[in-house]
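Numbering (the working numbering), first residue to last: 2 to 274. Data first, discussion second: the structure below is written as structure tokens.
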């Protein structure tokens, strides 16, 4: 059913007002990063700063080794995202395209692990990583992603189930083996789904606080999320430096989402063109 022009205008106005309502706290926080400390805590508050102080970002960044924290976060985020994409693609391909005894039972067992909260496995994982000598390293934050995630595997398996088998049969006739079919046929088809898995994992790894808090002790190993939390303790009475680092931390996820939103929509479609 087509909407009239007047209905569309009203709908757009309502959606714009809702968007402004939810975005206002973030916009206010961004403008507050340029204020002086006195102006930031003044009441009644002002929306725009009287003087735009860009030095606030430099002072906040140099107050602690946030360059090291950023490097650690990038290593963890990229390593974890790559591991999730590779492991999820391989396992999902096996469940979607191979027939073997007990496949459905194994898949149900895999899905059942989604009901186990991370709090239950936290202590066993800590003991295991301690036995491996991985505590106070970035390995506990990266390596588990290379062994697959039930949710990502399920997501990619459902995507592959919507792909016709004609591609696979044609490749087998041409003499391609299973790995060649996966790498040359299905990986390009799975690109939207792979990007979706990568973006979801990057957002989770970038914002992860509890994992680094448990497995990391030295400040040189801190991620940006953990560094921001410790920064709040040091600057508990100063609002502006915390707001500056918070803005810096939320910018990368927003940019990633903006650039990947097309593939996110395609990745959840479960079909190909």
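Note that CB positions come from ideal geometry on N, CA and C, so glycine has one too. Everything numeric in this text was worked out from a predicted model, so none of it was measured.
>> Using the Cβ count rule (16 or more neighbours within 10 Å means buried), how would you classify residue 6?
In response: In the chain shown, counting from the first residue as 1, residue 6 sits at position 5. Burial call: exposed.
> Quick one: is residue 56 near chain D, going by C-beta distance under 8 Å?
Replying inline: As a matter of chain content, chain D is missing from the structure shown, which is built from one protein chain.
> Hey, residue 77 and residue 206: beta-carbon distance below 8 Å or not?
Replying inline: Counted from its first residue, the chain shown places residue 77 at position 76. Counted from its first residue, the chain shown places residue 206 at position 205. Yes, Cβ-Cβ distance for residue 77 and residue 206 is below 8 Å.
> Run through DSSP, which three-state label would residue 44 get?
Replying inline: Looking up residue 44 in the chain shown gives position 43. Note: residue 44 maps to coil in three-state DSSP.
> residue 171: buried (16+ other C-beta within 10 angstroms of its C-beta) or exposed?
Replying inline: Within the chain shown, numbered from 1, the residue matching residue 171 stands at position 170. Classification of residue 171: exposed, given that the 10 Å Cβ count is below 16.
> Beta-carbon separation of residue 82 and residue 157 under 8 Å?
Replying inline: For this step, residue 82 is matched to residue 81 along the chain shown. For this step, residue 157 is matched to residue 156 along the chain shown. Cβ distance not < 8 Å, so residue 82 and residue 157 don't count as in contact.
> To the nearest whole angstrom, what separates the beta carbons of residue 187 and residue 94, a pair I think is in contact under 8 Å?
Replying inline: Position 186 of the chain shown, counted from the first residue, corresponds to residue 187. Position 93 of the chain shown, counted from the first residue, corresponds to residue 94. Residue 187 to residue 94, Cβ: 6 Å. Contact.
> How many Å lie between residue 223 and residue 210 at the Cα?
Replying inline: Along the chain shown, one-based indexing puts residue 223 at 222. Along the chain shown, one-based indexing puts residue 210 at 209. Looking at the two C-alpha atoms, the distance is approximately 10 Å.
> Does DSSP classify residue 51 as helix, strand or coil?
Replying inline: Numbered from 1 along the chain shown, position 50 holds the residue referred to as residue 51. Three-state DSSP puts residue 51 in coil, outside helix and strand.
> Which residue's Cα is closest to the Cα of residue 125: 96, 29, 167, 216?
Replying inline: Looking up residue 125 in the chain shown gives position 124. For residue 125, the nearest C-alpha among the options comes from 216.
> Grouping DSSP H, G and I as helix and E and B as strand, with all else coil, what is residue 72?
Replying inline: Numbered from 1 along the chain shown, position 71 holds the residue referred to as residue 72. Three-state result, residue 72: helix.
>> Ignoring anything shorter than 4 residues, give me the alpha helix (DSSP H) runs that lie fully in the stretch 155–192, in order along the chain.
In response: 167–174
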